[in-house]
Amino acid sequence: MERRETLALTFSVIVALFILGTGQWAYGNLFGPLHNYSKTPKVVIVAVQAENTKQATLLTLNLTNENGPDAYPASVSLIKIWNTSYTLILNSTQIYAHTVKIQQAPWNLNKKDGVNPVGGFELWLGAEASFTLVLPPLSPGLYNVTLYVPYTPPVTASFVLR
Amino acid sequence: MSEKLQQLDYSTPSEYLLPLRIGVGWMWFDGGLRKLVLAPDKVNPSSSSFVLGKLVTFLPHAGFFQPFLKFVLENPAIGAPFLVVYSVLELVIGSLLVIGLFTRLAGFGSALMASSLAPAFWLGSTCEDEWQIGSLLLAGGVVLMLSAAGRKFGLDSLLFRKYGDRGLLNVPLLKHIKLW
Chain E
1 MERRETLALT FSVIVALFIL GTGQWAYGNL FGPLHNYSKT PKVVIVAVQA
51 ENTKQATLLT LNLTNENGPD AYPASVSLIK IWNTSYTLIL NSTQIYAHTV
101 KIQQAPWNLN KKDGVNPVGG FELWLGAEAS FTLVLPPLSP GLYNVTLYVP
151 YTPPVTASFV LR
Chain F
1 MSEKLQQLDY STPSEYLLPL RIGVGWMWFD GGLRKLVLAP DKVNPSSSSF
51 VLGKLVTFLP HAGFFQPFLK FVLENPAIGA PFLVVYSVLE LVIGSLLVIG
101 LFTRLAGFGS ALMASSLAPA FWLGSTCEDE WQIGSLLLAG GVVLMLSAAG
151 RKFGLDSLLF RKYGDRGLLN VPLLKHIKLW
């Protein structure tokens, strides 16, 4: 085999392996299962904490968004805080009104997570932030918090209020 | 018949590689042009358009690149010069490919830079955008590097006529990375 042919075949193999390998990793488009992580958001509750003050309950949700488009943020437009004997539902306007603090992760350079009265929490792909909400005083006990993002399954986490 | 076949030249005439040189070259050149010339705020760390901030969207599925990406995002003072250097490289490699100067080296650079986009390959809300762009730029760069595409309709023709074939440095490995 000529040197030129050897070179051509060697680099073709390198290019083919790179393309097939990254294609399988990114989309499963070699032998499946097919996936595309940038289609729909995947909001994740990294941590949840609650504490009672004299007049209110402070609920802190540490949230990130692991999937979905990169051009616009995911919206958490409804939050349910509940247990067997109590339910509190906040729509986007109420989420906006009850949020008193947003702590951004250090890597949110200029894609800052936020809150607004129309979409509720707005979470950029890959960004992470802690949102603190002031709620009416809750009794101590075990609670669940469920986040609703349009077109995605609800996300639930539990917390204990002492 | 067999005599006719023997007369056929199976190698691709390098004239036909000009569109590829222009295409791959302009893709890189455009990236640098947009960031450094048309909208310089994109390389300004205090601007909301600072393009490095987009790296945050690569994070969730970036695998072992994640710590590096976070480091760059958390240290914009380091990230900003890196972005400027990358953008200058885009301009330089792109223009070299278009005019056909140091084409083999520029093709090699194109292939390396295309593979550096891999952490973003999973992003593609409408189609497999980033993966397709990176893969085609890699393959295009390799073809331009191997075929010495600047020796036709390019300034490399002058260099090749004067100096012949030259490697990057006359040491093992680097001597195989050709300049033109």
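Chains as they are written, first to last, in UniProt numbering: chain E, 1 to 162; chain F, 1 to 180. Beta carbons are placed, not taken as given, at the ideal position from N, Cα and C, and that holds for glycine.
task = Taking the CB atoms as reference points, tell me whether E:Leu125 and E:His98 lie closer together than 8 angstroms.
result = no
message = Taking only three categories from DSSP, how would you classify E:Gly21?
response = helix
inquiry  = Quick check: what's the CA-CA separation for residue 163 of chain E versus E:Val76?
reply    = A query on residue 163 of chain E cannot be resolved here, the shown segment of chain E reaching from 1 to 162 and no further.
query = In chain order, what residues of the same chain have a beta carbon less than 6 angstroms from the beta carbon of E:Ala127, not counting five sequence neighbours either side?
reply = Asn108, Lys111 and Asp113
query = When the cut-off is 8 angstroms and only beta carbons count, does E:Ser75 lie next to chain F?
reply = no
task = Measuring only between beta-carbons, confirm whether F:Pro172 sits less than 8 angstroms from chain E.
result = no
inquiry  = Closer than 7 angstroms between beta carbons: that is the criterion. Which residues of the stretch 98-114 of chain E meet it against chain F?
reply    = Pro106, Trp107, Asn108, Leu109, Asn110 and Lys111
key: Residue range of the unbroken beta strand (DSSP E) whose run includes E:Phe121   = Gly120 to Leu123
Distance between F:Val56 and F:Met27 (C-alpha atoms, nearest Å) = 23 angstroms
query = Which residues share a DSSP beta bridge with F:Ile177?
reply = Paired residues: none, contrary to the question.
DSSP-derived helix/strand/coil call for F:Ala80 = helix
request  = Can you tell me the Cβ-Cβ gap for E:Leu88 and E:Leu135, rounded? I've got them flagged as a contact below 8 angstroms.
outcome  = 7 angstroms
query = Is the stretch 140-154 of chain F close to the stretch 94-103 of chain F, with three or more CB pairs under 8 angstroms?
reply = yes
inquiry  = If I measure Cβ to Cβ from F:Trp131 and keep anything under 6 angstroms in the same chain, skipping five residues before and after, which residues do I get?
reply    = Phe121
key: Beta-carbon separation (whole angstroms), F:Gly167 vs F:Lys175, contact threshold 8 angstroms   = 4 angstroms
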